[in-house]
Ligand code: NAD
Ligand code: UDP
Ligand code: UDP
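In this note's numbering, the protein residues as written are 961 to 1280.
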């Protein structure tokens, strides 16, 4: 049931890094938000400023089980995103992507809700085409350590497009490239959090491999804006649409920015490259520019400064 432009919006994975920022933005817009999360990598702390808000509800629930609620829109973000977390229980990771997608699509079908899938640049695997446009089908190892995540997300995209074609569902698929910012998990092993925490503690900074592999890092506020614009597109727009920052840097360059911003005297050291680690990754965001009228606005250094402030406070509060 809608009251004017106020919607009941379900955010799965809403207690995580991206989900908590999304819940916050939706509440600010005046919507009612139901956050569903099993708190595997997400925390109530990420939502502490929303827990007393009457229009916000947190439900501890695993999306691999059916969910019967009445809603107008669904953002499906539930899934651990960092390699350390998604490889902890790989079978559960695939179940979360696949069973979770089926349940959210079934829910969307019954309630006639619009449903957005947080897909990933990992669907391109270790790409032979650079930068990656949406038409590229990817190069993914089906049986490696990253496969539970990559293939789970690929299968979820298949389900979204089959529910769209077979049942006429309004679906929206965004492929998210590396995103960073406050509320990243300090121990999740992702490069931005690892490097900042190491620099702040004066520990050695770990570059995996030669540090010449590239990524492109998008600040969280830009990313959330793109997701919300995608949800607001007309029913003819299903995607997939790449969202991320097309400004590509090597991991060594990222480490240098982190050292500069923190003023840390940590040393750069090398560690072995994890298996199947993509050599290059950079989005082609032509579609996002044309369809969403969107592109990132926060430069890397500015985003790193905000993220450093967050981790500095977090480490001090928890004496980590
Ligand atoms: P995150 O780990 O911080 O958040 C994921 C959330 O999902 C957590 O709160 C976790 O507890 C919850 N969750 C996991 N399994 C669940 C289950 N079975 N049932 C209910 N909740 C479950 O990760 P994030 O960075 O916020 O990523 C959010 C989404 O965006 C994920 O789907 C991820 O694949 C996608 N994504 C993120 C990035 C990025 O750079 N952060 C890049 C590409 C895609
Ligand atoms: N489902 C759900 N909530 C709903 C409706 C469906 O969680 O409100 C789940 C249910 O477990 C079902 C799945 O979504 O198995 C897929 O639903 P669909 O209607 O597509 O298929 P079916 O019910 O025929 O299996
Ligand atoms: N990486 C690194 N040092 C770290 C953590 C990661 O050099 O402490 C590298 C990692 O090997 C990869 C890149 O940084 O090449 C991005 O890693 P992340 O796990 O953040 O994301 P993904 O590989 O999924 O893009």
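Just so you know, even glycine gets a beta-carbon here, dropped at the ideal spot from N, CA and C.
Mind checking which residues open and close the alpha helix (DSSP H) that includes residue 1274? 1260-1277
Measuring straight from C-alpha to C-alpha, what distance separates residue 1038 and residue 972? 5 Å
Please state whether the Cβ-Cβ distance between residue 1135 and residue 1201 is less than 8 Å. yes
Those runs of the alpha helix (DSSP H) which lie wholly inside the stretch 1142-1221 and span at least 4 residues: 1151-1161, 1180-1191
Quick check on DSSP: helix, strand or coil for residue 1243? strand
Below 7 Å, is the gap between the Cβ of residue 1043 and the nearest heavy atom of ligand 3? yes
For residue 1000 and residue 1040, I'd like the C-alpha separation in whole angstroms. Cα to Cα, residue 1000 sits roughly 8 Å from residue 1040.
Output the distance between the C-alpha atoms of residue 1217 and residue 1059, rounded to the nearest integer angstrom. Going by the C-alpha atoms only, they are around 40 Å apart.
Let's test the definition: count the other Cβ atoms within 10 Å of the Cβ of residue 1158 and tell me whether it reaches 16, buried, or not, exposed. So residue 1158 ends up on the buried side.
Rank 1036, 1021, 1081, 1016 by C-alpha distance to the C-alpha of residue 1178 and give the top, closest one. 1081
Inter-residue spacing [alpha-carbon to alpha-carbon] between residue 1087 and residue 1114: The alpha-carbon atoms of residue 1087 and residue 1114 are separated by roughly 15 Å.
Can you tell me which of 1054, 992, 1253, 1042 puts its alpha carbon nearest to the alpha carbon of residue 1034? 992
On the DSSP bridge list, what partners appear for residue 1131? 1075
Could you tell me whether any non-hydrogen atom of ligand 3 is closer than 7 Å to the CB of residue 1202? no
Three-state secondary structure assigned by DSSP to residue 1108: Of the three classes helix, strand and coil, the one that applies to residue 1108 here is helix, per DSSP.
Classify residue 1003 as helix, strand or coil using the three-state DSSP reduction. In the structure shown, the three-state DSSP call for residue 1003 is coil.
So, with DSSP's three-state summary, where would you put residue 1250? helix
Validate contact between the stretch 1219-1234 and the stretch 1164-1173 using beta carbons, cut 8 Å, 3 pairs: The count of Cβ pairs closer than 8 Å, one atom from the stretch 1219-1234 and one from the stretch 1164-1173, reaches three, so the stretches are in contact.
Tell me the DSSP bridge mates of residue 1015? DSSP links residue 1015 through a beta bridge to no other residue.
So who's on the other strand from residue 1036, going by DSSP bridges? 972, 1077
Any heavy atom of ligand 1 within a distance shorter than 7 Å of the CB on residue 1248? No, the beta carbon of residue 1248 sits no closer than 7 Å to any heavy atom of ligand 1.
Whole angstroms are fine: how far does the CA of residue 1063 sit from the CA of residue 1043? 24 Å
Tell me whether the beta-carbon of residue 960 lies closer than 8 Å to the beta-carbon of residue 1180. No answer is possible for residue 960: it lies beyond the span of the chain, which begins at 961 and ends at 1280.
Contact under 8 Å by Cβ, residue 1031 with residue 982: no
Per the DSSP calculation, residue 1085 is bridged to which residue(s)? 1099
Considering residue 1255, what are the terminal residues of the alpha helix (DSSP H) in which it resides? Run containing residue 1255: none; DSSP gives neither H nor E here.
Taking the continuous beta strand (DSSP E) assigned at residue 1230, which residues delimit it? 1228-1231
Is there contact between the stretch 1145-1164 and the stretch 1208-1227, where contact requires at least three CB pairs shorter than 8 Å? yes
Compute the Euclidean distance between the alpha carbons of residue 990 and residue 1015, then round it to the nearest angstrom. 8 Å
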